[in-house]
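Visitor:
6 protein chains.
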Amino acid sequence: MSLPYLLVEQAVRAGLLEDLGRAGDITSDAVIPAGSRANCALVARDAGVVAGLDFARTSFALIDPSIDFTVFMPDGTRLSPGDVIATISGPARGILSGERVALNFLGHLSGIATATRGIADAIAHTKARITCTRKTMPGLRFAQKYAVRCGGGSNHRYGLDDAILIKDNHVAIAGGIRQVLQAAKKAAGHLVKIELEVDSMAQLAEALDEGVDVILLDNFNTDMLREAVAMIGGRAICEASGRISPATAPAIAETGVDYLSAGWLTHTVRVLDIGLDFNS
Amino acid sequence: MSLPYLLVEQAVRAGLLEDLGRAGDITSDAVIPAGSRANCALVARDAGVVAGLDFARTSFALIDPSIDFTVFMPDGTRLSPGDVIATISGPARGILSGERVALNFLGHLSGIATATRGIADAIAHTKARITCTRKTMPGLRFAQKYAVRCGGGSNHRYGLDDAILIKDNHVAIAGGIRQVLQAAKKAAGHLVKIELEVDSMAQLAEALDEGVDVILLDNFNTDMLREAVAMIGGRAICEASGRISPATAPAIAETGVDYLSAGWLTHTVRVLDIGLDFNS
Amino acid sequence: MSLPYLLVEQAVRAGLLEDLGRAGDITSDAVIPAGSRANCALVARDAGVVAGLDFARTSFALIDPSIDFTVFMPDGTRLSPGDVIATISGPARGILSGERVALNFLGHLSGIATATRGIADAIAHTKARITCTRKTMPGLRFAQKYAVRCGGGSNHRYGLDDAILIKDNHVAIAGGIRQVLQAAKKAAGHLVKIELEVDSMAQLAEALDEGVDVILLDNFNTDMLREAVAMIGGRAICEASGRISPATAPAIAETGVDYLSAGWLTHTVRVLDIGLDFNS
Amino acid sequence: MSLPYLLVEQAVRAGLLEDLGRAGDITSDAVIPAGSRANCALVARDAGVVAGLDFARTSFALIDPSIDFTVFMPDGTRLSPGDVIATISGPARGILSGERVALNFLGHLSGIATATRGIADAIAHTKARITCTRKTMPGLRFAQKYAVRCGGGSNHRYGLDDAILIKDNHVAIAGGIRQVLQAAKKAAGHLVKIELEVDSMAQLAEALDEGVDVILLDNFNTDMLREAVAMIGGRAICEASGRISPATAPAIAETGVDYLSAGWLTHTVRVLDIGLDFNS
Amino acid sequence: MSLPYLLVEQAVRAGLLEDLGRAGDITSDAVIPAGSRANCALVARDAGVVAGLDFARTSFALIDPSIDFTVFMPDGTRLSPGDVIATISGPARGILSGERVALNFLGHLSGIATATRGIADAIAHTKARITCTRKTMPGLRFAQKYAVRCGGGSNHRYGLDDAILIKDNHVAIAGGIRQVLQAAKKAAGHLVKIELEVDSMAQLAEALDEGVDVILLDNFNTDMLREAVAMIGGRAICEASGRISPATAPAIAETGVDYLSAGWLTHTVRVLDIGLDFNS
Amino acid sequence: MSLPYLLVEQAVRAGLLEDLGRAGDITSDAVIPAGSRANCALVARDAGVVAGLDFARTSFALIDPSIDFTVFMPDGTRLSPGDVIATISGPARGILSGERVALNFLGHLSGIATATRGIADAIAHTKARITCTRKTMPGLRFAQKYAVRCGGGSNHRYGLDDAILIKDNHVAIAGGIRQVLQAAKKAAGHLVKIELEVDSMAQLAEALDEGVDVILLDNFNTDMLREAVAMIGGRAICEASGRISPATAPAIAETGVDYLSAGWLTHTVRVLDIGLDFNS
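Here you go:
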C-alpha cells in the first residue's frame, strides 16, 4: 500500500497553504516559546482501520523537517481504541501548526478505510469484492481511492478517461445497447475495459450477445442478481450497485456477483476519531 | 450568499482536470453522436437545503460554455423531494462529461447545508447560533464554510491566521492562562479576536479576570455550561462544543451560550441526494 | 476526434507564456502599426494528415480573442500540398505573436498523425491496428496521443496508472511469469487490463496457462509472431513491437497479431510542413 | 554546461505527474516486492552526444531521494555504442517508476545534441556556428536549447521578448526596410539586438545603409550567400537558414556566413537510443 | 518573528524563476570557473532595521543547497552602517546567481521595517501603535506585513475576508451608519471584528450607540481626534489615519488614539541599502 | 505601449486571490444590497504619468465581467490633479471588491512612470536615455519594466538570461577584463549583447581593446564620465549609473553617455495618488 510522494506532497501542500493563510499560525507564534519541544502520540479513539499516514507525516515535515514521525501501525492496520498509531516529537510550534491538516487527512481517509473494511469483512466468505465510484471529494479522489485499498477494497475507474462506463443515459441518448457497445469497442484502445449498465434481463441478453467486459447491475434485488449472474455465466465480470451496507452486502455478494460498488464509501464518510495526545 | 467566482473557478477546474485525466470523457466521445442535445433537470431526491449551485454551473460552463444553466431554487433554499432545483440544456456530451463533478460538489455542499439547517432550526428559539470548525476536507474549506452559511450557520475562523484560538495544549505547553492571554494580546493586531479554551471554572475565572473575546467550553455538560454562562455574565462571547446533535442542541443552546460549534458539520458529511434527470 | 478544452488551454497557455517571456512580442509591438489587420491561411506545404487545430485556434485566441479562425479541413483530414486548412484574420500583431506557438503545435501533431496514418494505411488490409507507447515528450503526452488517434491509430495506456504492463525487467526482478501475473491480478481493479511482455514461447505458454488480457511480443520475427499467434489462439490480445515501419508493418500485421506498437510515432517525429501565408 | 535546478525540477515534476497519473505505478506496486533493490546502467545503444543527465537524475530523485545516480559521461560527451553513461542503484520500484520519464528526456535531448554535433563537426573548418530557432516543443524550449549547446551549437533567441527579429511578413505589413529598422531601433533597449530577414540584395543594401546587428538570409543559394557576405563586409553578423544538413552545411558555411540556423534541430528530432540495463 | 517556510519558499521561487528566465545566469555560467568559491557578507550600508533574512537565505538555497548562510543579526535588529548582518559562503556561481533576488527581498522588506520603526520610536511614549493597510505590492502582501511586524508595527487585516471594514463609500451606498452596522453584525462570525470609518462626530455618536469594535478616523486633525477619543471613552478601539509621518505621529498619538495606520509604509517604500561584499 | 493580456491576467489573478482570501469581500457582501450599482471615476489627485490601466481593468473584470471600464487617458499620458483617467460603472459590490487591487497596481506603476518621466524630461536636451535595472519587486518585474517604458524610459535586461552583464565581482573572481570578455563572447549567442562594468580608465582601455557592446560606468563623476566617453569614441554604448536624480541627471547626460540607469526607479517607488471617486 503506497502512493507516490509527489502526489501526497501536492495535496498536503495545498491543505497547509489553505490553513496557514497569509500569516501562518498566529496563535502558536504568539503563545508558545520558540524553543519548546513536544512529544506526542497519534492515538485511536475508536476501532477502525488506519489510512493516510504519509499525508500526516508530510503535514508535519513540510512545516518543519526536523519533526520526527515514527509509525507503529502502518496504513491498513486494524485499530482498537487506545492504540498508538505513531509518535511525533520535535518543536512544539511546528507540531501544533501541522496538527489540524494532518488529522483532517488521517481521520477522513481512515474513515473510508474503516467503512470499506466493514463491507469487505461482511463479504469475506464470498468471492465478491467491494469497490468505490467516482462520487468523491473534488481534488481528493486519488487519496480517497487509496484509502479504499487500505480498507481491503478495490478501485473502480479513476476518471472519465481510463475506462469506458456506459450508463443508462448514454444508452437512452445514443439509441441502443448494441449500437453503443459497437461504438465503444471501435473507440477503445486495447488496454481499456468497457463496462455497461443494464436495466433489464433483455438488455443484459443483448449485451452478452454483443460482448462486453463488465456488466453493471444497478438496484437489482437479490433474485434478479442471481438470475443475471446465471445468464452471464462467466462471460463478463458482474458488478452490483445500490443499497450496499454491511447488513445487505452478504446477501448481495452471495448471489455470485464479482463486485459490489458503493458511492457512499467516498461521498458520505464518517471520520475515524484519531487524536493527537501531547506528552504521552 | 455568494462566493467570488475566482475561488469557485479554481476549485472546479481542479475537480474537472482530476476527472478528465489525460484523455477526457472517452465514453461520451465514443457513444454519443457529436450533435446530440439534452434537456436535464437537477432534482432533489430527498429533503434538505441546497448549496453549491455556482460550482455546478461552473462544472458545465468550463466543459462547454454553450450549456445553459437556469436556477429555480438558489443556494439556501429548503428542498422537498422532487423539487426541480435547476434546468440544464445543451450539447449532450458536455452535460454528461460535467455531470459527476457538478453533482459531487452539489451533493456534498448541500449535505453540509442540510445538516447545519437541522441544528439551526433546533436552536431557533434561542439566541445561540451553530458554527463550524477547521475540521474540513483539505482544499475545500472555503466551499464547506460557504455551505455552512447556506444552511443558516455561522463561520468560525478560516485558518490558523485570521484569529487566535488558544487550546488546551497551548496552555499546557506555555504555562498558564494569564501568561498565554497576555502573550496573545501583545501579538494580536487590533482586528484579530482572541478565543480561549478553558477546562474548568477556575480557568474561566482567571481568563475573565485577564479579559478575552471568546471563551470555548469543550464537553461541558448543561449544568456546567449554565454556571459558566452566569460567571461570564456577558463579558465574553461563549462557545460550547462537543456532542452537538439535533437532539442535544436545544438543551445546550438553552443554557445561554452564544455559539454551538460542531466539527462533524464538515468532517462527517452525509451527501444530499440530488440527481440529474435527462428528459428525452 | 476531440479533446477537452481545459486540457488544450492549459498546454497552449504554457507554450505562450514560454514564448512571450517577460516582455511579449517586442518585434511586432515595435514595427507593426497598432491598427494593422491581416488575412492569413494555414496551408499544407507537404502531404499528410492534419492534427492539432484546437491548439492552433487557442494559440491565437489567448493572445487576442477577436482573431477569427475558420477551419476548412478538420483534424484527421488528409492533406495535399497547397491545401488551405484554415483561414485566420484579425489584428496583425496578434496573429504574428501567436503564429509560432500555433505552428509548433500544429506541425508536430500533424507530423504524428501523418506517420501514424502511414502505418495504418499499410496494414489496412489486416485486422491489426497501430498503437503508440509512453515514449512521449514530457508534458505533451495527451496531445501526442490525440494526434495518434487523428492518424487512424489507437492509444496504448496513458501512464503508469491506467493499466498494468509487466515488462521483462519486472519479471526478472520479481521472479517468474506465474508469480507476477498472480500478483498483478490480485492488485488490479476490475476495470484495469493486464499486459505481459514475453521473451519466449515457454514464457508465452506459462502466461496463457495463468491467463492474461494482452501479450506483448517484442522483437519477435514474423515466423515467431505467427507461431505465437497460433499458440495464443484468441485467448489474449496480441501486440507486436520492435522495428515497425511502413515497409515492415504489412508482414508483421499479416502474422495475425492484433496491434503493432511503435515508440517512434511519438519520440522521433518528423514535423509536417504547414505554413501561415499572409495575404495582403 | 549547466541549467538552474529550479527549471529542471519544474519540467521533470510535470513529466512525472503526467506519467504517474492518479494512482502511480500500479505495475511495480503490484509485482515488485517492497524491499527489492536494483543496480542499473544507462547505456548508449548508438553513437551520439549525451544531454539531459540532470533531467534523468531528477526523474529518479523526485520519485525516491535514496536512489543513487552516478555520472560517468557528463552532458556534451561523445558516446559510442555500449558506453556506460551513468549508473543507478536503489529501490527497484523507484527505479522502474522513474525510468520512462528519465529516458524520454534523455533520449530526446541527446538526439538534439547529436544532430547539432553532426552539423558542428561538418563546419568545424569554418568560422561558422550552428544555431537553433523557436521551432520547439511547447513547454520544453529551455531544455531543447540547452541540448543544442551540449552538441556544440549556439542559441538563437529564447522567445519573442529577448531580441528583435523582423521577418518578411513584418516588412510586408509595416511597409519597408528602412521604416521597420527605424521603428525597431527606437523601441529596442540597449541590450537588445536587432535582426532582419532580407529577401534580396536590394533589401540587404537598404538594411546595411540603415544599420542592423544581424542579417538573416533565408534560402539563399551559396552564390547569393557569398555575394551577400561580401556586401555585408563585416558590418553585421550574417545568419543563413534553409536546407541545412550535414551534407549541405560545409558549402554554406564556406561562403563566409557567421551562423547557420536550422529549425529541424528541435522540431524534427531523432531520439538517441539510450537504454537502462538492469544488472541482477 | 517568523513566517511559515512554505510561504517564503513560494515567493522566492517565483522571484527566482522570473530572474532566471529560460536560460539561467548566462553571465556567471560564462565567466566564472565551475569550481570557484566565494565568501561574502551582507553588510548594512545605512542605518535601519533588518527584515527578510529567510527570503535571502532561501534565494541562495533554492539555487544551490550547499551555500552556507549564517545570520548574525536576525530580523528586527537595528542596524548601523557597516554591520555584518550575515555571511554567505559557497560556490561563487550560485552566490552570484541568487544575489539580486536575495537583495531585492531584503532591501525592500528592511526598508519597510525601518520606516515602521521610525514611527514606532516616535510614538513609543504613548500607548499608540503603528499599523499598515492593504495598500501593498500585489503578491507580496504577506511579506510586507511581516516586515511591518519586524519594525515594531502591528498588522491591520490581511485581506477582504478576515475582518469587516466599512468605509465611507459603503456607508454612502448602503444608506446609513446604523443600517450598515446592523447588517455587518448579522453577517459576521464571532471571530470577525468590525471596523467603521466615520466622517463626523455625528456619525461617531451613531456608531457608538449601535456598537462597533473599531472606529477609523480618517484625516481628523488632532483637536478632532482628541474630541473623538473622549467621546469613544474606551467603548471601541480608535484608529487614526492620514498624514502619518515621524514628524506628525507624536502629536497624533498623544491624542489618545490606539492605532495610527499608514498606507505609505507598504506602498511607498524606500529600500534599505544592504550590500553583498565579496571576500570580506 | 502594450503588454500581453496573459501576463497581465496572471499577475492580477494572483493579486486578487491574495486579497479575497478564503471568504471574499465579507464587508461588501454584508452591507451592500445585491442589486446596487455605482458609477465611479479614476481621478488623478497629483500630477504625474499614468501606467497600468490594463491591470486596473482586469482587476474589475476578473471579479465581475459586467463592469464597464472606459479609458480617457491611456498609459503614458501626463496627468494633472483632477484629471479623469477612466470611468467605471456596474454592480457596486464588484467595484468595491476590486478597487484596492486595481489601485495598488495603478498607483505603483504610475509612480514608476512618473519618476521615469521626471528623469526623461530632465535629459531631453541630450541624446541620453534613462533606463531601469533588475532591482525590482519580486514577481512584478515585467509590470515595473513596462511602467518605465510608459514614462519614456528604456529597459535594461529583464533577467539573468537575456543579456550578459559582467560586474566587478565577476571580474574579481574570474581574473581579468580580457579573460572574462573572451569567455563571455565564446558563450554568448549572436543575439545576446555583452555589457561590462569597469572601475577605471585602465580597465576601460583594456575592454575597448578586446571589444564589448556596452560599457557600464558606475559612480564615475562627470569629469571621469567625459573622459571615458572620449576614450570610448563610439566603439561601445556607454551607460552611467549611480546617484541619478532629476537634479544630477542633466549634467551626467551632458557628458555624452548614452544611458543613465537608476535602480531606484523600481526599488524605491513613490506611489502616484490616484483615487476612485464614487458617483462622480
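These protein sequence lines are chains Z, H, C, E, R and P, in that order.
Just so you know, we're using our numbering here: the first sequence kicks off at 1 and counts up by one.
Just so you know, we're using our numbering here: the second sequence kicks off at 281 and counts up by one.
Just so you know, we're using our numbering here: the third sequence kicks off at 561 and counts up by one.
Just so you know, we're using our numbering here: the fourth sequence kicks off at 841 and counts up by one.
Just so you know, we're using our numbering here: the fifth sequence kicks off at 1121 and counts up by one.
Just so you know, we're using our numbering here: the sixth sequence kicks off at 1401 and counts up by one.
No residue lacks a Cβ here, since even glycine has one placed at the ideal position from N, Cα and C.
Specify, as a first and last residue, the run of the beta strand (DSSP E) that I554 (chain H) falls within.
Guide: Taken as a continuous stretch (DSSP letters only), the beta strand (DSSP E) holding I554 (chain H) covers 554-559.
Visitor: So which of H:T546, H:I453, H:I457, H:K473 has the shortest CA-CA distance to F422 (chain H)?
Guide: H:T546
Visitor: Buried or exposed, going by whether 16 or more other CB atoms sit within 10 Å of the CB of S1645 (chain P)?
Guide: That one is exposed.
Visitor: Which residues in chain H have a C-beta closer than 7 Å to the C-beta of N1275 (chain R)? List them in chain order.
Guide: G469
Visitor: With a threshold of 6 Å on Cβ separation, who are the neighbours of I1077 (chain E) within its own chain once the five nearest residues in sequence on each side are excluded?
Guide: V1054, D1098
Visitor: Helix, strand or coil, according to DSSP, for R45 (chain Z) in the structure here?
Guide: coil
Visitor: Work out the CA separation of S670 (chain C) and V609 (chain C) for me, nearest whole Å.
Guide: 6 Å
Visitor: Compare the C-beta of R738 (chain C) with all C-beta atoms of chain P and state if any pair is closer than 8 Å.
Guide: no
Visitor: Would you mind sorting N449 (chain H) into buried or exposed? The rule is 16 or more other CB atoms within 10 Å of its CB.
Guide: buried
Visitor: On the criterion of 16 or more Cβ atoms from any shown chain inside 10 Å, does T535 (chain H) qualify as buried, or is it exposed?
Guide: buried
Visitor: What in chain R is Cβ-close to A443 (chain H), meaning under 7 Å?
Guide: Using a Cβ-Cβ cut-off of 7 Å, A443 (chain H) is close to L1311 of chain R, given in chain order.
Visitor: State the beta-bridge partners of Y845 (chain E) as determined by DSSP.
Guide: Answer is none; Y845 (chain E) lacks a bridge partner.
Visitor: Using CA coordinates, which residue listed in H:I457, H:A482, H:S316, H:A467 is at the minimum distance from L476 (chain H)?
Guide: Taking only the C-alpha atoms, the option nearest L476 (chain H) is H:I457.
Visitor: Here's the rule: buried if 16 or more other CB atoms are within 10 angstroms of the residue's CB, otherwise exposed. What is D223 (chain Z)?
Guide: exposed
Visitor: Per DSSP, what are the beta-bridge partners of L1491 (chain P) in this structure?
Guide: The residue asked about is misnamed: residue 1491 (chain P) is Pro in this sequence, not Leu. Its beta-bridge partners are P:R1437.
Visitor: I'd like to know whether the C-beta of R940 (chain E) is nearer than 8 Å to at least one C-beta of chain Z.
Guide: no
Visitor: Give, in chain order, every residue of the stretch 416-433 of chain H whose Cβ lies closer than 9 Å to some Cβ of chain P.
Guide: R421, F422, K425, Y426
Visitor: Let me know if Q1299 (chain R) comes out buried or exposed under the rule of 16 or more other beta-carbons within 10 Å of its beta-carbon.
Guide: Result: exposed.
Visitor: Quick one: which chain P residues come within Cβ less than 8 Å of V1389 (chain R)?
Guide: What V1389 (chain R) touches in chain P: T1668, V1669.
Visitor: In angstroms, rounded to a whole number, what distance separates the CA positions of G275 (chain Z) and L103 (chain Z)?
Guide: 8 Å
Visitor: With H, G and I counted as helix, E and B as strand and the rest as coil, what does DSSP make of R1018 (chain E)?
Guide: helix
Visitor: May I ask which residues mark the beginning and end of the alpha helix (DSSP H) holding V1669 (chain P)?
Guide: No alpha helix (DSSP H) holds V1669 (chain P); DSSP gives it neither H nor E.
Visitor: Against chain Z, with Cβ distances strictly below 8 Å, would P1124 (chain R) count as a contact?
Guide: yes
Visitor: Specify the secondary structure class of R1557 (chain P) as computed by DSSP and reduced to three states.
Guide: coil
Visitor: Less than 8 Å between CB atoms is the rule here; does L1127 (chain R) satisfy it with respect to chain Z?
Guide: Chain Z contact via Cβ: present.
Visitor: Say whether chain R places a C-beta atom closer than 8 Å to the C-beta of G175 (chain Z).
Guide: no
Visitor: DSSP on R523 (chain H), reduced to helix/strand/coil?
Guide: coil
Visitor: May I ask you to list the residues that DSSP assigns as paired with S261 (chain Z)?
Guide: Z:T131, Z:S241
Visitor: Can you list, in chain order, the residues of its chain with a C-beta nearer than 7 Å to that of G1663 (chain P)? Leave out the 5 residues immediately preceding and following it.
Guide: T1533, K1535
Visitor: When burial is assigned at 16 or more other CB atoms within 10 Å of the CB, is R270 (chain Z) buried or exposed?
Guide: buried
Visitor: What does a CB cutoff of less than 8 Å around Q462 (chain H) pick up in its chain, not counting 5 residues either side in sequence?
Guide: E490
Visitor: With 8 Å as the limit, tell me which residues of the stretch 1139-1165 of chain R have their beta carbon closer than that to any beta carbon of chain P; keep them in chain order.
Guide: D1139, L1140, G1141, R1142, A1143, G1144, D1145, I1146, T1147, S1148, D1149, A1150, V1151, I1152, P1153, S1156, A1158
Visitor: Are A1068 (chain E) and L1056 (chain E) close, meaning C-beta to C-beta below 8 Å?
Guide: no
Visitor: Helix, strand or coil: which one does DSSP assign to A1206 (chain R)?
Guide: strand
Visitor: Report the neighbours of I517 (chain H) on chain R: residues whose CB is nearer than 7 Å to its CB, in chain order.
Guide: Here the neighbours are H1310.
Visitor: Select from the stretch 609-624 of chain C all residues with a C-beta closer than 9 Å to any C-beta belonging to chain P, and list them in chain order.
Guide: L622, I623, D624
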